[in-house]
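FYI, the numbering for the sequence shown is 7 to 364, going by the numbering used here. Even for Gly, the Cβ is constructed at its ideal location relative to N, Cα and C. This structure is a prediction, so every number in the text was calculated from the model and none was measured. Below is one structure; the comments refer to it alone.
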Amino acid sequence: MIGWDATAEIDDGISGSSTGASSQLQYVSPATPGGVLGITPALDFADWTLHLVDESHPSSSFTAYETWVSHLPRQPDVGLFNQGYLQPFLSVLNEWLSEWVRKGSNPFVHARLYRDRFPKCAQDAYSALTCYLNKTGSNNSIVMHLLEEKCWDLVTQIDIPQPHSPFDDSRPAIDLLEKLAKVQSLLIYQVVGLFDGNIRLRYLAEKRIELLKRWMNELVEDAYRTSCSGSILVSADVNTESDMRDSQNALWYSWILSESIRRTWIIASGVQGLYLYMQQGFTKSCQGGMMFTTRQGVWEAQSASAWDEIRSEPGAGLTKITELDRLLTEGGPDNVDSFAKVVLMVTLGTERVAAWNG
């Protein structure tokens, strides 16, 4: 089964309760038959015209078309992952989910992301995850029912519409924070459903793999459309009136939103991709060349001025997943943040990264 390992130790010190609940995701090959379609979303906007990127706009360095899309050649079905990568990845993911509950942030949920607006779907996911991480043998069935109901509410009452042309001005303003919250919420339910070991939750989660893939792609497409409109991503989302009068704060919030989208997309791709690889033994598509920030200190910056100072340093820009191996030769581990190190571990292998990390 897939479940929490009550005897496992993790760095953050969170351990399972004495009644049978625990805090460590552990993988054992699923007994559920194959048949789940797809694996990780390959971003391919080949039919979209590269256009209207305002290079003079301050946010163009992290919101332009080229920063969202990398056209990669189609690859045959291949085995990209080593089975040994999965358990370390799940252990780290468990730490990050626990960190979000304890601190309100983690390496893919920025501390400022929900400071001013906390969408209802994210509130539900946060509450359900808190209950799950603290469940006991006595209330286990109640918690599982809560998770199922909250996920059902998310996927049936609130849906992300199919993407339209980026030139369609008839669409209402895109609320990227709301859409990101939906994707992050569904990701939480998918992590628990796929890896807890509860047969019903896994069955439901497998049926939603394609839904999360679609939501992820639509989120990135909307992020691209918003940047190409010349607006800052955060202009209609994470802000207060006083904050937005400061152009530096506005730019920082725009980066926070765009980087959160990138990191959420990478984590969701990794979770579902690794699960399906372990189930089926091969991949059906490459997750693509999503770019994200790898430099230590950029994500952790506590103010717009601190962020602006760090991002102006060499190596603080965006890096493609497909070019992560450059980090092992062009910079030391002290210059790479924890999120990037985990992505390195999954893509390049634990032994190679451990040797580099010392």
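Any 3 or more C-beta pairs closer than 8 Å across the segment 179-193 and the segment 202-210
The segment 179-193 is not in contact with the segment 202-210.
Just checking: is the beta-carbon of C127 within a distance shorter than 8 Å of some beta-carbon in chain B?
Reference to chain B is not applicable here, since this structure consists of a single protein chain.
Measuring alpha carbon to alpha carbon, tell me which residue in T136, Y209, L350 and E216 is nearest F298.
With distances taken between Cα atoms, F298 lies closest to L350.
CB I262 to CB F114, shorter than 8 Å?
For I262 and F114, no; Cβs fall outside 8 Å.
From which residue to which residue does the alpha helix (DSSP H) around F114 run?
No alpha helix (DSSP H) holds F114; DSSP gives it neither H nor E.
With DSSP collapsed to three states, give me the class of M351.
Helix at M351.
On the criterion of 16 or more Cβ atoms from any shown chain inside 10 Å, does Q302 qualify as buried, or is it exposed?
Its Cβ being crowded by 16 or more others within 10 Å, Q302 is buried.
Same chain only: Cβ atoms within 7 Å of N341, ignoring 5 sequence neighbours per side:
Excluding sequence neighbours, N341 sits near R301, Q302 and G321.
Can you check whether the CB of V359 is closer than 8 Å to the CB of V98?
Contact flag unset, no.
Could you give the distance in angstroms between the alpha-carbon of T73 and the alpha-carbon of I327?
Distance from the CA atom of T73 to the CA atom of I327, rounded to whole angstroms, is 12 Å.
So the alpha helix (DSSP H) F298 belongs to, where does it begin and stop?
Unbroken run through F298 is the beta strand (DSSP E), M297 to T299; no alpha helix (DSSP H).
Mind checking which residues open and close the alpha helix (DSSP H) that includes L153?
Unbroken alpha helix (DSSP H) run through L153: N146 to Q163.
For the candidate residues N146, G355 and Y132, whose alpha-carbon lies nearest to that of K156?
Checked all of N146, G355 and Y132; the closest Cα to K156 is Y132.
Beta-carbon spacing of P94, T353 below 8 Å
Result no, Cβ atoms of P94 and T353 do not sit closer than 8 Å.
In its own chain, which residues sit with a C-beta less than 6 Å from the C-beta of V304, not counting the 5 before and 5 after it?
I316, R317 and A322.
Indicate whether Q163 and Q278 have their beta-carbon atoms separated by less than 8 Å.
No, the pair does not count as a contact, with Cβ atoms beyond the cut-off.
Could you say if the segment 114-130 and the segment 209-226 meet the contact criterion of at least three C-beta pairs nearer than 8 Å?
Two segments are said to touch when three or more pairs of C-beta atoms, one from each, lie closer than 8 Å; by this definition the segment 114-130 does not touch the segment 209-226.
Let me know if W158 comes out buried or exposed under the rule of 16 or more other beta-carbons within 10 Å of its beta-carbon.
It counts as exposed.
I'd like to confirm the pairing. Which residues does DSSP put opposite V342 in its beta bridges?
In the DSSP assignment, V342 is bridged to R301.
Can you tell me whether K213 is buried or exposed, with buried defined as 16 or more other CB within 10 angstroms of its CB?
Exposed, since its Cβ has fewer than 16 Cβ neighbours within 10 Å.
Check for me: the alpha helix (DSSP H) holding L135 runs from which residue to which?
Here the alpha helix (DSSP H) through L135 covers K126 to L139.
Excluding sequence positions up to five away, which residues of its chain have a Cβ less than 6 Å from the Cβ of P47?
For P47, the predicted structure reports a pLDDT of 42, less than 50, and the residue's modelled location is therefore unreliable. The matter cannot be settled from this model.
Just how far apart, CA to CA, sit S309 and V149?
So the two alpha carbons sit approximately 37 Å from each other.
Buried versus exposed, by CB contacts within 10 Å (16 or more), Y138:
With 16 or more other Cβ atoms inside 10 Å of its own Cβ, Y138 counts as buried.
Quick one: residues in its chain with C-beta nearer than 6 Å to the C-beta of I194, no 5 flanking neighbours on either side, listed in chain order?
Within the same chain, I194 has close Cβ partners A131 and L135.
Per DSSP, K326 forms a beta bridge with which residues?
Paired residue(s): M297.
Start and end residues, alpha helix (DSSP H) containing Y195:
First-last of the alpha helix (DSSP H) with Y195: L182 to F201.
Closest by C-alpha distance to D181, when choosing among D228, L333 and T335
Looking only at D228, L333 and T335, the smallest Cα-Cα distance to D181 is reached by D228.
Determine the direct distance from the alpha carbon of E306 to that of L96, and round the result to whole angstroms.
About 23 Å.
Per-residue DSSP class, three states only, for S309:
Of the three classes helix, strand and coil, the one that applies to S309 here is coil, per DSSP.
Whose C-beta lies closer than 8 Å to the C-beta of D314 among residues of the same chain, with five residues either side of it excluded?
Answer for D314: Q254, L257 and W258, listed in chain order.
Per-residue burial, A128 [other beta carbons within 10 Å of its own, 16 or more giving buried]
Around the beta carbon of A128, a 10 Å sphere encloses 16 or more other beta carbons of the protein chains shown; the residue is thus reported as buried.
Does Y281 come out as helix, strand or coil in the three-state DSSP assignment?
Collapsing the DSSP output to three states places Y281 in a helix.
With a threshold of 16 other CB atoms inside 10 Å of the CB of E265, please say whether the residue is buried or exposed.
Within 10 angstroms of the beta-carbon of E265 lie 16 or more other beta-carbons, which makes it buried.
I'd like to know whether the C-beta atoms of F6 and R269 end up nearer to each other than 8 Å.
Coverage of the chain is limited to positions 7 through 364, which leaves residue 6 absent and any answer about it impossible.
If we call anything under 8 Å between Cβ atoms a contact, is E216 one with P125?
Going by C-beta atoms, E216 is not nearer than 8 Å to P125.
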